[in-house]
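Everything on this sheet refers to the single structure shown next.
In UniProt numbering, the protein residues as written are 1 to 199.
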(Lines of atoms letter the chains of each structure in order from A and count residues from 1; the text may use other names and numbers.)
(Lines give C-alpha, C1' and ligand atoms only; values in the text may rest on other atoms or scores of the structure.)
Protein backbone atom coordinates (compact mmCIF):
# COMPACT_ATOMS: atom_id res chain seq x y z
CA UNK A 1 0.00 0.00 0.00
CA UNK A 2 2.78 2.45 0.99
CA UNK A 3 4.73 1.58 -2.16
CA UNK A 4 1.68 2.13 -4.37
CA UNK A 5 0.87 5.51 -2.84
CA UNK A 6 4.53 6.60 -3.11
CA UNK A 7 4.43 5.70 -6.82
CA UNK A 8 1.33 7.85 -7.27
CA UNK A 9 2.93 10.77 -5.43
CA UNK A 10 6.13 10.52 -7.48
CA UNK A 11 4.20 10.28 -10.76
CA UNK A 12 2.21 13.40 -9.84
CA UNK A 13 5.45 15.27 -9.05
CA UNK A 14 6.87 14.30 -12.45
CA UNK A 15 3.67 15.33 -14.27
CA UNK A 16 3.66 18.70 -12.47
CA UNK A 17 7.28 19.25 -13.48
CA UNK A 18 6.44 18.23 -17.07
CA UNK A 19 3.66 20.83 -17.03
CA UNK A 20 5.97 23.47 -15.53
CA UNK A 21 8.61 22.91 -18.23
CA UNK A 22 5.96 22.85 -20.99
CA UNK A 23 4.58 26.14 -19.71
CA UNK A 24 8.06 27.70 -19.90
CA UNK A 25 9.35 26.36 -23.24
CA UNK A 26 6.31 24.87 -24.99
CA UNK A 27 4.99 21.32 -24.94
CA UNK A 28 6.67 20.47 -28.25
CA UNK A 29 10.10 21.32 -26.78
CA UNK A 30 9.60 19.43 -23.52
CA UNK A 31 11.45 16.12 -23.12
CA UNK A 32 12.06 13.57 -20.39
CA UNK A 33 15.62 14.93 -20.10
CA UNK A 34 14.34 18.48 -19.52
CA UNK A 35 11.83 17.26 -16.92
CA UNK A 36 14.63 15.38 -15.16
CA UNK A 37 16.78 18.56 -15.19
CA UNK A 38 13.90 20.57 -13.75
CA UNK A 39 13.52 18.06 -10.90
CA UNK A 40 17.24 17.52 -10.38
CA UNK A 41 16.94 13.77 -10.90
CA UNK A 42 18.18 11.30 -13.53
CA UNK A 43 16.40 10.55 -16.80
CA UNK A 44 16.26 6.93 -15.66
CA UNK A 45 14.21 7.83 -12.59
CA UNK A 46 11.65 9.67 -14.72
CA UNK A 47 11.55 6.68 -17.09
CA UNK A 48 11.03 4.33 -14.16
CA UNK A 49 7.57 5.91 -13.77
CA UNK A 50 6.90 6.88 -17.40
CA UNK A 51 8.59 4.67 -19.97
CA UNK A 52 8.00 7.10 -22.83
CA UNK A 53 7.12 10.73 -23.42
CA UNK A 54 3.73 9.54 -24.73
CA UNK A 55 2.97 7.95 -21.35
CA UNK A 56 3.86 11.26 -19.74
CA UNK A 57 1.50 13.06 -22.12
CA UNK A 58 -1.36 10.78 -21.08
CA UNK A 59 -0.52 11.56 -17.45
CA UNK A 60 -0.56 15.27 -18.26
CA UNK A 61 -3.97 14.90 -19.87
CA UNK A 62 -5.33 13.25 -16.71
CA UNK A 63 -3.83 16.10 -14.69
CA UNK A 64 -5.66 18.64 -16.93
CA UNK A 65 -8.93 16.79 -16.32
CA UNK A 66 -8.43 16.80 -12.56
CA UNK A 67 -7.72 20.54 -12.60
CA UNK A 68 -10.65 21.41 -14.90
CA UNK A 69 -13.13 19.35 -12.91
CA UNK A 70 -12.34 21.67 -9.99
CA UNK A 71 -14.20 24.46 -11.78
CA UNK A 72 -17.45 22.57 -12.16
CA UNK A 73 -17.33 20.81 -8.80
CA UNK A 74 -15.90 23.71 -6.75
CA UNK A 75 -17.61 24.55 -3.48
CA UNK A 76 -18.66 27.96 -4.77
CA UNK A 77 -20.99 26.22 -7.24
CA UNK A 78 -22.49 24.13 -4.43
CA UNK A 79 -25.84 22.46 -5.00
CA UNK A 80 -27.77 23.92 -7.93
CA UNK A 81 -30.97 24.76 -6.08
CA UNK A 82 -31.69 28.26 -7.41
CA UNK A 83 -31.60 30.20 -10.66
CA UNK A 84 -28.71 32.31 -9.32
CA UNK A 85 -26.72 29.14 -8.53
CA UNK A 86 -27.27 27.93 -12.10
CA UNK A 87 -26.24 31.36 -13.43
CA UNK A 88 -23.09 31.17 -11.27
CA UNK A 89 -22.20 27.76 -12.70
CA UNK A 90 -22.60 28.99 -16.27
CA UNK A 91 -20.58 32.14 -15.51
CA UNK A 92 -17.79 29.95 -14.12
CA UNK A 93 -17.75 27.91 -17.32
CA UNK A 94 -17.17 31.03 -19.41
CA UNK A 95 -14.80 32.73 -16.98
CA UNK A 96 -11.01 32.86 -17.08
CA UNK A 97 -11.00 30.84 -13.85
CA UNK A 98 -9.87 27.97 -16.06
CA UNK A 99 -6.53 29.82 -16.22
CA UNK A 100 -6.07 29.34 -12.49
CA UNK A 101 -5.97 25.62 -13.14
CA UNK A 102 -4.20 25.28 -16.45
CA UNK A 103 -2.15 27.29 -18.96
CA UNK A 104 -3.84 27.96 -22.32
CA UNK A 105 -0.69 27.37 -24.36
CA UNK A 106 -0.13 23.92 -22.85
CA UNK A 107 -3.82 23.05 -23.17
CA UNK A 108 -4.00 23.91 -26.87
CA UNK A 109 -0.73 22.10 -27.55
CA UNK A 110 -2.33 19.04 -25.95
CA UNK A 111 -5.44 19.58 -28.05
CA UNK A 112 -3.35 19.58 -31.25
CA UNK A 113 -2.02 16.13 -30.34
CA UNK A 114 -5.43 14.52 -30.83
CA UNK A 115 -4.80 14.72 -34.58
CA UNK A 116 -1.39 13.03 -34.38
CA UNK A 117 -1.47 10.50 -31.54
CA UNK A 118 -4.23 7.90 -31.36
CA UNK A 119 -3.69 7.05 -27.67
CA UNK A 120 -3.77 10.72 -26.80
CA UNK A 121 -6.90 11.21 -28.90
CA UNK A 122 -8.67 8.51 -26.86
CA UNK A 123 -7.40 9.94 -23.58
CA UNK A 124 -8.50 13.47 -24.53
CA UNK A 125 -11.93 12.22 -25.59
CA UNK A 126 -12.35 10.51 -22.20
CA UNK A 127 -11.33 13.78 -20.55
CA UNK A 128 -14.00 15.73 -22.46
CA UNK A 129 -16.62 13.06 -21.80
CA UNK A 130 -15.87 13.26 -18.07
CA UNK A 131 -16.33 17.06 -18.09
CA UNK A 132 -19.60 16.69 -20.00
CA UNK A 133 -20.83 14.04 -17.54
CA UNK A 134 -20.16 16.29 -14.54
CA UNK A 135 -22.00 19.24 -16.11
CA UNK A 136 -24.89 16.94 -17.07
CA UNK A 137 -25.13 15.79 -13.42
CA UNK A 138 -25.23 19.43 -12.28
CA UNK A 139 -28.07 20.16 -14.70
CA UNK A 140 -29.98 17.07 -13.55
CA UNK A 141 -29.52 18.36 -10.01
CA UNK A 142 -30.98 21.73 -11.06
CA UNK A 143 -33.98 19.94 -12.54
CA UNK A 144 -34.46 17.73 -9.47
CA UNK A 145 -34.34 20.86 -7.29
CA UNK A 146 -37.09 22.52 -9.33
CA UNK A 147 -34.87 25.19 -10.91
CA UNK A 148 -35.36 24.15 -14.56
CA UNK A 149 -37.83 21.95 -16.41
CA UNK A 150 -35.93 21.00 -19.57
CA UNK A 151 -36.14 17.38 -20.73
CA UNK A 152 -33.26 17.65 -23.23
CA UNK A 153 -30.42 18.10 -20.73
CA UNK A 154 -27.98 15.86 -22.62
CA UNK A 155 -28.42 18.00 -25.71
CA UNK A 156 -28.07 21.22 -23.69
CA UNK A 157 -24.87 19.90 -22.11
CA UNK A 158 -23.39 19.33 -25.58
CA UNK A 159 -24.45 22.79 -26.80
CA UNK A 160 -22.99 24.52 -23.73
CA UNK A 161 -19.66 22.75 -24.11
CA UNK A 162 -19.53 23.60 -27.81
CA UNK A 163 -20.11 27.24 -26.81
CA UNK A 164 -17.49 27.06 -24.05
CA UNK A 165 -14.85 25.50 -26.32
CA UNK A 166 -15.39 28.03 -29.09
CA UNK A 167 -15.67 30.96 -26.71
CA UNK A 168 -12.57 30.03 -24.77
CA UNK A 169 -10.49 29.76 -27.93
CA UNK A 170 -11.78 33.08 -29.30
CA UNK A 171 -11.58 34.94 -25.97
CA UNK A 172 -7.93 33.97 -25.66
CA UNK A 173 -7.20 36.70 -28.21
CA UNK A 174 -8.66 39.47 -26.00
CA UNK A 175 -7.13 41.18 -22.98
CA UNK A 176 -9.10 39.69 -20.08
CA UNK A 177 -10.15 42.98 -18.50
CA UNK A 178 -11.05 44.73 -21.77
CA UNK A 179 -14.56 45.95 -22.60
CA UNK A 180 -14.59 43.80 -25.76
CA UNK A 181 -13.79 40.70 -23.70
CA UNK A 182 -16.51 41.43 -21.12
CA UNK A 183 -19.03 42.12 -23.87
CA UNK A 184 -18.35 38.76 -25.55
CA UNK A 185 -18.57 36.84 -22.26
CA UNK A 186 -21.96 38.41 -21.51
CA UNK A 187 -23.23 37.36 -24.95
CA UNK A 188 -22.18 33.72 -24.38
CA UNK A 189 -23.62 33.56 -20.87
CA UNK A 190 -26.91 35.12 -21.99
CA UNK A 191 -27.21 32.60 -24.83
CA UNK A 192 -26.36 29.62 -22.60
CA UNK A 193 -28.90 30.71 -19.97
CA UNK A 194 -31.57 31.13 -22.69
CA UNK A 195 -31.41 27.36 -23.25
CA UNK A 196 -32.98 26.72 -19.85
CA UNK A 197 -36.70 26.75 -19.11
CA UNK A 198 -37.46 28.06 -15.63
CA UNK A 199 -39.48 25.64 -13.54
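Glycine included, each C-beta is placed from N, C-alpha and C at the ideal position. The structure presented is a predicted model; accordingly, all values stated were derived computationally and were not measured.
Between residue 58 and residue 119, the C-beta gap is smaller than 8 Å, which places the two residues in contact. With contacts defined by Cβ atoms closer than 8 Å, residue 61 and residue 127 form a contacting pair. The DSSP-derived three-state label of residue 117 is coil.
The bridge partners DSSP lists for residue 189 come to none. Classified as exposed, residue 177 has fewer than 16 neighbouring CB atoms from the shown chains inside 10 Å of its CB. Bounds of the alpha helix (DSSP H) holding residue 58 are 53-73. Of 69, 44, 112, 140, the smallest CA-CA separation from residue 129 is found for 69. Taken through DSSP and simplified to helix, strand or coil, residue 41 comes out as coil. In this structure, residue 140 lies near residue 153, with their beta-carbon atoms less than 8 Å apart. At a Cβ-Cβ threshold of 8 Å, residue 81 and residue 147 count as neighbours.
For residue 25, the secondary structure class from DSSP, reduced to helix, strand or coil, is helix. Between residue 156 and residue 91, the CB-CB gap reaches or exceeds 8 Å.
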